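Notes follow the structure.
Protein chains: 4
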Amino acid sequence: MPGVSELSEFFRTEFPQQQVVIESVGNRAARIRRPVDAADLRPGNTVSGPFMMGVADTALYAAILAEIGLVALAVTTSLNINFFRRPSATADVIGDCKLLKVGKKLIVGEVTLYSAGDNKPIAHAVGTYALPD
Amino acid sequence: MPGVSELSEFFRTEFPQQQVVIESVGNRAARIRRPVDAADLRPGNTVSGPFMMGVADTALYAAILAEIGLVALAVTTSLNINFFRRPSATADVIGDCKLLKVGKKLIVGEVTLYSAGDNKPIAHAVGTYALPD
Amino acid sequence: MPGVSELSEFFRTEFPQQQVVIESVGNRAARIRRPVDAADLRPGNTVSGPFMMGVADTALYAAILAEIGLVALAVTTSLNINFFRRPSATADVIGDCKLLKVGKKLIVGEVTLYSAGDNKPIAHAVGTYALPD
Amino acid sequence: MPGVSELSEFFRTEFPQQQVVIESVGNRAARIRRPVDAADLRPGNTVSGPFMMGVADTALYAAILAEIGLVALAVTTSLNINFFRRPSATADVIGDCKLLKVGKKLIVGEVTLYSAGDNKPIAHAVGTYALPD
Numbered sequence: 008m009p010g011v012s013e014l015s016e017f018f019r020t021e022f023p024q025q026q027v028v029i030e031s032v033g034n035r036a037a038r039i040r041r042p043v044d045a046a047d048l049r050p051g052n053t054v055s056g057p058f059m060m061g062v063a064d065t066a067l068y069a070a071i072l073a074e075i076g077l078v079a080l081a082v083t084t085s086l087n088i089n090f091f092r093r094p095s096a097t098a099d100v101i102g103d104c105k106l107l108k109v110g111k112k113l114i115v116g117e118v119t120l121y122s123a124g125d126n127k128p129i130a131h132a133v134g135t136y137a138l139p140d
Numbered sequence: 008m009p010g011v012s013e014l015s016e017f018f019r020t021e022f023p024q025q026q027v028v029i030e031s032v033g034n035r036a037a038r039i040r041r042p043v044d045a046a047d048l049r050p051g052n053t054v055s056g057p058f059m060m061g062v063a064d065t066a067l068y069a070a071i072l073a074e075i076g077l078v079a080l081a082v083t084t085s086l087n088i089n090f091f092r093r094p095s096a097t098a099d100v101i102g103d104c105k106l107l108k109v110g111k112k113l114i115v116g117e118v119t120l121y122s123a124g125d126n127k128p129i130a131h132a133v134g135t136y137a138l139p140d
Numbered sequence: 008m009p010g011v012s013e014l015s016e017f018f019r020t021e022f023p024q025q026q027v028v029i030e031s032v033g034n035r036a037a038r039i040r041r042p043v044d045a046a047d048l049r050p051g052n053t054v055s056g057p058f059m060m061g062v063a064d065t066a067l068y069a070a071i072l073a074e075i076g077l078v079a080l081a082v083t084t085s086l087n088i089n090f091f092r093r094p095s096a097t098a099d100v101i102g103d104c105k106l107l108k109v110g111k112k113l114i115v116g117e118v119t120l121y122s123a124g125d126n127k128p129i130a131h132a133v134g135t136y137a138l139p140d
Numbered sequence: 008m009p010g011v012s013e014l015s016e017f018f019r020t021e022f023p024q025q026q027v028v029i030e031s032v033g034n035r036a037a038r039i040r041r042p043v044d045a046a047d048l049r050p051g052n053t054v055s056g057p058f059m060m061g062v063a064d065t066a067l068y069a070a071i072l073a074e075i076g077l078v079a080l081a082v083t084t085s086l087n088i089n090f091f092r093r094p095s096a097t098a099d100v101i102g103d104c105k106l107l108k109v110g111k112k113l114i115v116g117e118v119t120l121y122s123a124g125d126n127k128p129i130a131h132a133v134g135t136y137a138l139p140d
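Residue numbers (the numbering used here), protein chains in the order written: chain A, 8 to 140; chain B, 8 to 140; chain C, 8 to 140; chain D, 8 to 140.
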């Protein structure tokens, strides 16, 4: 199964428009980090909700690819996110994913989001990916 | 309460980095449209999930502001989205929001998402905003 | 496809422990009604949350069976519910379901819940069923 | 703050129609257990979805009461549940709750559900309670 460097290369090639740092993968988990840039900020000196949803989605995707390999064409079927606190405008956003269920058709995982350097979660998401037959 | 032109001006000022067309607001509803650009595309000639979540969030925000006025500082507390079909890479994404509950502390609404020109929904979201005291 | 009387019979046979009245089915929709009994009440003279979740789940199941037939072994994979107002302790709970997506593997629907005789929704749910291969 | 015996007494008094065993509370967490009886079973020798939602809701409520005390009148505002595997028809259902956010207005927690004696989760829920002013 792919590790950090293989996944990093995959994200760089497939999603060149977003900067993603894969920090760790394996054991049905993944930790990623995304830098925040000006376009992601919102009034009140904070980070947009959709940016956080994107980090959640990417962390889940990384954990899934590390589990099933790079070949599969998995697609998100649902995402549920709860926002807890305003993220810092000047810190990377970290997504910590743990897969909850790895089925043959559906994979479900949860992602806790943090502003780098602060261990209080800013948001929590649960998402489902469907696997091709 | 603010109408289409006042809300359009508000979004242009507050969220200059995203292009949003407010098509209609009122009666606890809003319809918005966002053009898709290269950075929002994904492999498979489709639109990213976070882009769709962003349209859902914005449609909900527009419906809420049209209901309670531009002064309030409402924040998203949760969003649940289900993805149905791949959106077109060449069509704007439309978000059609209807508020389900307008309370003193929480407002809940649903948003159906479409690729412009196609009346089969591509996704459906339910989101909650918390109002300040 | 099965209509009201066939579905009523099915629910009576398969789920004898819960009283369900199928009011209407068809066109990717269903409307059901469940009487509230003492065991479903909660302090504050209201109806329990799990009872409402049960009505949502049943309305969705009825709409799906009316769409795909009684043979399939569909199972709930997720349910998201938002509660709006306290239901009446003395009125039946009504679940009005509309299917949002009918796919080959997954069916997604939304359910609006009411206390019979009051047209303000008490809750709203979105649920997903997985179909067998 | 109330401990296991005080909470057990509270549930016995307030919700006499459901049997709940409070196994542990504290540190923003709670573990509860509910026996399954005939009315909770479903075809296929399994436990109903609404029963599992009820366990999730109760585990969350127990964790919240242990955190804020028995006096508050907290109400569920939303619950999102994903079902992973069919629960055993002959084992109690266990709900393991961890609070994710304890705010002044909203408390969010996650609950992992198990069939007693099996450490593979059968479902996972995230719920929100609103606190009175």
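Positions of the beta carbon are idealized from the N, C-alpha and C atoms, including for glycine. In this text the structure is predicted, and so the values were computed from the model without any measurement.
In chain C, which residues lie less than 9 angstroms from VAL62(B) when you measure between Cβ atoms? For VAL62(B), there are no neighbours in chain C by C-beta distance under 9 angstroms, as the nearest C-beta there is about 17 angstroms away.
For ILE71(A), does the three-state DSSP call read helix, strand or coil? Reduced to three states, the DSSP call for ILE71(A) is helix.
Would you check if the stretch 89-104 of chain C and the stretch 47-61 of chain C touch, i.e. whether three or more CB-CB distances between them fall below 8 angstroms? The stretch 47-61 of chain C, when compared against the stretch 89-104 of chain C, does touch it at the 8 angstroms Cβ threshold.
Thinking C-beta only, is LEU86(C) closer than 8 angstroms to GLY116(C)? Result no, Cβ atoms of GLY116(C) and LEU86(C) do not sit closer than 8 angstroms.
Could you check if LEU80(C) is buried or exposed, using at least 16 other CB atoms within 10 Å of its CB as the buried criterion? Here LEU80(C) is exposed: its Cβ has fewer than 16 other Cβ atoms, across all protein chains shown, within 10 Å.
On the premise that ALA73(D) lies in contact with LEU14(D), defined as a C-beta separation below 8 angstroms, what is that separation, rounded to the nearest angstrom? Sure, about 6 angstroms apart at Cβ, within 8 angstroms.
Excluding sequence positions up to five away, which residues of its chain have a Cβ less than 8 angstroms from the Cβ of PHE58(C)? Correct list, in chain order: ARG41, VAL43, ASP47 and VAL100.
Let me check one thing: in DSSP terms, what residues is GLY33(D) bridge-paired to? Answer by DSSP bridge pairing, in chain order: ALA36(D).
Counting only the same chain and skipping the five closest in sequence on each side, list residues whose C-beta sits under 7 angstroms from that of LYS105(A). Sequence-distant partners of LYS105(A) (beyond 5 residues in either direction) whose C-beta falls short of 7 angstroms from its own C-beta, in its chain, are ARG35, ALA36, GLY116 and GLU117.
Euclidean distance between Cα positions of LEU138(D) and GLY110(D): C-alpha separation (whole angstroms): 9 angstroms.
Who are THR83(A)'s beta bridge partners in DSSP? For THR83(A), which the question treats as bridged, DSSP gives the partners TYR136(A).
Alpha carbons only, please: which of ALA70(B), GLU21(B), LYS112(B) and PHE90(B) is nearest the one belonging to THR84(B)? Closest option to THR84(B), Cα to Cα, is LYS112(B).
Cβ closer than 8 angstroms: which chain D residues qualify as neighbours of PHE91(A)? In chain order: LEU107, LYS108, GLY110 and VAL115.
Do we get a CB-CB distance below 8 angstroms when we pair ALA132(C) with the residues of chain G? Reference to chain G is not applicable here, since the protein chains of this structure are A, B, C and D.
Using a cut-off of 8 angstroms between C-beta atoms, extract the partners of LEU14(B) located in chain A. For LEU14(B), no chain A residue has a C-beta closer than 8 angstroms to its own C-beta; the minimum C-beta separation is roughly 15 angstroms.
Sorted by chain position, which residues of the same chain lie with C-beta nearer than 7 angstroms to SER122(D)'s C-beta, five sequence neighbours on each side aside? PRO94, SER95, ALA98, VAL100 and ILE129, listed in sequence order.
Against ALA137(B), what residues of chain D qualify as contacts under a CB-to-CB distance less than 8 angstroms, listed in chain order? At a beta-carbon threshold of 8 angstroms, the residues of chain D lying near ALA137(B) are LYS112 and LEU113, ordered along the chain.
For chain D, find out if any of its Cβ atoms is closer than 8 angstroms to the Cβ of ASN34(B); answer yes or no. No - not a single Cβ of chain D is within 8 angstroms of the one on ASN34(B).
Give me, in chain order, the residues of the same chain whose beta-carbon lies closer than 8 angstroms to that of SER31(A); leave out the 5 immediate sequence neighbours on both sides. Hits under 8 angstroms: VAL11, ALA37 and ARG38.
Which first and last residues belong to the beta strand (DSSP E) in which PRO115(A) is found? Residue 115(A) is actually Val in this sequence, not Pro. Where VAL115(A) is concerned, the enclosing beta strand (DSSP E) stretches over 113-122.
Helix, strand or coil for ASP44(D), going by three-state DSSP, please let me know. Assigned with DSSP and collapsed to three states, ASP44(D) falls in coil, not helix or strand.
Rounded to whole angstroms, what's the CA-CA distance from ALA63(A) to ARG19(C)? Just pull it up for me. ALA63(A) and ARG19(C) have their C-alpha atoms spaced approximately 43 angstroms apart.
Within 10 angstroms of its Cβ, does LYS108(C) collect 16 or more other Cβ (buried), or is it exposed? Residue environment for LYS108(C): buried (at least 16 other C-beta atoms within 10 angstroms of its C-beta).
Do PRO23(D) and PHE17(D) have their C-beta atoms within less than 8 angstroms of each other? Going by C-beta atoms, PRO23(D) is not nearer than 8 angstroms to PHE17(D).
Cβ of THR84(A) less than 8 angstroms from any chain C Cβ? True, the Cβ-Cβ gap to chain C drops below 8 angstroms.
Option nearest ARG49(A) by Cα separation, candidates GLN25(B), ARG49(B) and GLY102(B): A check of alpha carbon separations from ARG49(A) across GLN25(B), ARG49(B) and GLY102(B) identifies GLN25(B) as the nearest.
Determine, for ILE101(D), whether the minimum Cβ-Cβ distance to residues of chain C falls below 8 angstroms. Not an interface residue.
Determine the burial state of ALA152(B): buried for a count of at least 16 other Cβ atoms within 10 Å of its Cβ, exposed for fewer. In the structure as shown, chain B starts at 8 and stops at 140, and residue 152(B) therefore has no counterpart that could be examined.
In three-state DSSP terms, what is ASP103(A)? Strand, per DSSP.
When you compare only the Cα positions, how much space is there between ASN126(D) and ILE29(B)? Distance between the alpha carbons of ASN126(D) and ILE29(B) is about 50 angstroms.
How far does the alpha helix (DSSP H) with PHE17(A) in it reach, from first residue to last? 11-21 is the extent of the alpha helix (DSSP H) around PHE17(A).
Contact set for LEU77(A): own chain, Cβ-Cβ below 6 angstroms, skip 5 residues either direction: Answer for LEU77(A): PRO9 and PHE17, listed in chain order.
With distances taken Cα to Cα, identify the nearest neighbour of ALA124(C) among ASP140(C), GLY102(C) and ILE114(C). Here residue 124(C) turns out to be Gly, not Ala, going by the sequence shown. The option with the nearest alpha carbon to GLY124(C) is GLY102(C).
Give the straight-line distance between the Cα atoms of TYR136(D) and ILE114(D), rounded to the nearest whole angstrom. Approximately 5 angstroms, taken between the alpha carbons.
What in chain C is Cβ-close to PRO128(B), meaning under 9 angstroms? The contacting residues are LEU107 and LYS108.
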